[in-house]
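Colleague: This is the structure I have questions about; it appears just below.
Number of protein chains: 2
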Amino acid sequence: MSKVSPVLLDEQLCFSIYSASKKFNHFYQSALAPFGLTYPQYIALLVLWEDAPLTVHQLGDRLELDSGTLTPLLKRLEKQGWVERVRSRTDERQVLIHLTDMAAAKRDEVYTRIGQCQSLLGMSDDEINIMMTELVTVKQQLDDVSNQRKIAKEVDKRI
Amino acid sequence: MSKVSPVLLDEQLCFSIYSASKKFNHFYQSALAPFGLTYPQYIALLVLWEDAPLTVHQLGDRLELDSGTLTPLLKRLEKQGWVERVRSRTDERQVLIHLTDMAAAKRDEVYTRIGQCQSLLGMSDDEINIMMTELVTVKQQLDDVSNQRKIAKEVDKRI
DNA sequence: GGCAATTTAATTGTATACAATACTCTCGAA
DNA sequence: TTCGAGAGTATTGTATACAATTAAATTGCC
Numbered sequence: 001m002s003k004v005s006p007v008l009l010d011e012q013l014c015f016s017i018y019s020a021s022k023k024f025n026h027f028y029q030s031a032l033a034p035f036g037l038t039y040p041q042y043i044a045l046l047v048l049w050e051d052a053p054l055t056v057h058q059l060g061d062r063l064e065l066d067s068g069t070l071t072p073l074l075k076r077l078e079k080q081g082w083v084e085r086v087r088s089r090t091d092e093r094q095v096l097i098h099l100t101d102m103a104a105a106k107r108d109e110v111y112t113r114i115g116q117c118q119s120l121l122g123m124s125d126d127e128i129n130i131m132m133t134e135l136v137t138v139k140q141q142l143d144d145v146s147n148q149r150k151i152a153k154e155v156d157k158r159i
Numbered sequence: 001m002s003k004v005s006p007v008l009l010d011e012q013l014c015f016s017i018y019s020a021s022k023k024f025n026h027f028y029q030s031a032l033a034p035f036g037l038t039y040p041q042y043i044a045l046l047v048l049w050e051d052a053p054l055t056v057h058q059l060g061d062r063l064e065l066d067s068g069t070l071t072p073l074l075k076r077l078e079k080q081g082w083v084e085r086v087r088s089r090t091d092e093r094q095v096l097i098h099l100t101d102m103a104a105a106k107r108d109e110v111y112t113r114i115g116q117c118q119s120l121l122g123m124s125d126d127e128i129n130i131m132m133t134e135l136v137t138v139k140q141q142l143d144d145v146s147n148q149r150k151i152a153k154e155v156d157k158r159i
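Chains as they are written, first to last, in UniProt numbering: chain A, 1 to 159; chain B, 1 to 159.
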């Protein structure tokens, strides 16, 4: 006759994170309005500004996104003039994502804009680092759990 | 001749949160697989289990979602037998979301399942509370900034 | 060298999100 | 009382996400 404890939305870490993620999305959408970029488009450009060209797969590794999401996203970025998608000649399976001259030219403008908008949040580097460290731990736990399940499934298959 | 500081993906709090949110989504999808629920469907049910019936608007306030997202989501929950959407008789504009008997009957089963899966994460209540407190602060900052912009726009209009 | 297994992108189908708009319904003021 | 403003929901259009499948290219193994 054990009583089940209720699950209350306001006590769920997942919902805090889900909600914060949506707010950040909105914040960046609005910060990047002068450039017409969405948040996922922006982080794709961030990675490319660090190290272009990259294959779709490499970009997906950094962003934790697959080709189902990236292919249409990159086509939109291409249409807007930020990137070029070029089929690799050494390996015809791969598509290399290059930055255009416009993207290179606008990089510092975007960096500056982001810096200004982030300063509005009034968070210290310390506060940010503490949260990121905690988030790394949570994400690691989530990965571990899902890997355990995958391994369990794999083991089941082989029996 | 001031140099613009680069914006590196791995140093962005937004990306940590975005990525954690996706992992949580996946974690719950998998935890709730026996019930065929997605994460957003699950949190809608959580709110309804706390306090049904609710109007679409009231549910949206709790979940921070609008009718554009909730209407189709609730139709899917209805099709799967979790809720009933009933046009209010006292105010024909409103639609009341009621839980079905099946939803009431399965509540404790879902609560139990979630409790078991969360325990796999191995996080203490303290750790969770600390993170949630920090997230509240971040979200408040994000709200403040976007409200400031809204007010600024409003002021501009009136000039 | 030849072919099965693997790798890489693209495609398909389903489910969020959300801005903008449309459509009812309600309520309050002239 | 009636009409216009506002509220509540649904719809439309665009952009993610991601599982599952497809298609083409490459690699590995004999």
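Ideal Cβ positions, reconstructed from N, Cα and C, are used throughout, including at glycine.
Computed from a predicted model, the values in this text were never measured in an experiment.
If you follow the beta strand (DSSP E) that Glu-84 (chain A) is in, where does it begin and where does it stop?
Modeller: In the DSSP annotation of this structure, the continuous segment of the beta strand (DSSP E) that includes Glu-84 (chain A) starts and ends at 83-87.
Colleague: Please classify Leu-37 (chain A): does DSSP put it in a helix, a strand, or coil?
Modeller: coil
Colleague: Can you find a C-beta in chain B that's less than 7 angstroms from the C-beta of Ile-97 (chain A)?
Modeller: no
Colleague: Look up Thr-133 (chain A) in the DSSP assignment and say whether it is helix, strand or coil.
Modeller: helix
Colleague: Check the C-beta distance from Leu-77 (chain B) over to Gln-41 (chain B) and give it rounded, since I have them as a contact under 8 angstroms.
Modeller: 6 angstroms
Colleague: Of the residues B:Ser-67, B:Gln-116 and B:Asn-147, which one's Cα is nearest the Cα of Val-7 (chain A)?
Modeller: B:Gln-116
Colleague: Within 10 angstroms of its Cβ, does Leu-47 (chain B) collect 16 or more other Cβ (buried), or is it exposed?
Modeller: For the record, residue 47 (chain B) in the displayed sequence is Val; it is not Leu. Classification for Val-47 (chain B): buried.
Colleague: Are any of the Cβ atoms in chain B nearer than 7 angstroms to that of Thr-112 (chain A)?
Modeller: yes
Colleague: Pick out the complete alpha helix (DSSP H) segments inside the UniProt domain "HTH marR-type" (10-147) of chain A, 4 residues or longer, and give them in chain order.
Modeller: Segments of the alpha helix (DSSP H) lying fully in the UniProt domain "HTH marR-type" (10-147) of chain A: 13-31, 39-51, 56-63, 67-79 and 101-119.
Colleague: Answer with buried or exposed for Lys-3 (chain B), where buried requires no fewer than 16 other C-beta atoms within 10 angstroms of its C-beta.
Modeller: Sixteen is the threshold: since fewer than 16 other Cβ atoms of the shown chains lie within 10 Å of the Cβ of Lys-3 (chain B), the residue is exposed.
Colleague: Does the stretch 87-107 of chain A come into contact with the stretch 53-61 of chain A, if we say contact requires no fewer than three beta-carbon pairs (one atom in each stretch) closer than 8 angstroms?
Modeller: yes
Colleague: Is there at least one Cβ from chain B nearer than 7 angstroms to Leu-45 (chain A)'s Cβ?
Modeller: no
Colleague: Nearest CA to the CA of Arg-149 (chain B): which residue from A:Cys-14, A:Ser-19 and A:His-26?
Modeller: A:His-26
Colleague: In whole angstroms, what is the alpha-carbon distance linking Ala-105 (chain A) and Ile-43 (chain A)?
Modeller: 17 angstroms
Colleague: Less than 7 angstroms separating the beta-carbons of Met-102 (chain A) and Ser-16 (chain B)?
Modeller: no
Colleague: Does the CB of Ser-119 (chain B) have a neighbour CB from chain A at under 7 angstroms?
Modeller: no
Colleague: Drop a sphere of 10 angstroms on the beta-carbon of Gly-60 (chain B), count the other beta-carbons inside from all chains shown, and report buried for 16 or more, exposed for fewer.
Modeller: buried
Colleague: Decide if the stretch 123-137 of chain B is in contact with the stretch 132-145 of chain A; the criterion is three or more beta carbon pairs, one per stretch, under 8 angstroms apart.
Modeller: Yes, they touch.
Colleague: Does the Cβ of Ser-21 (chain B) have 16 or more other Cβ atoms within 10 Å, making it buried, or fewer, making it exposed?
Modeller: buried
Colleague: Can you tell me whether Val-145 (chain A) is buried or exposed? The criterion is at least 16 other CB atoms within 10 Å of its CB, across all chains shown.
Modeller: buried
Colleague: State the CB to CB distance for the pair Arg-85 (chain B) and Leu-74 (chain B), rounded to an integer number of angstroms; the pair is presumed to be in contact (CB under 8 angstroms).
Modeller: Rounded, the Cβ-Cβ distance is 6 angstroms, consistent with contact.
Colleague: To the nearest angstrom, report how far apart Val-138 (chain B) and Arg-62 (chain A) are at their CA atoms.
Modeller: 24 angstroms
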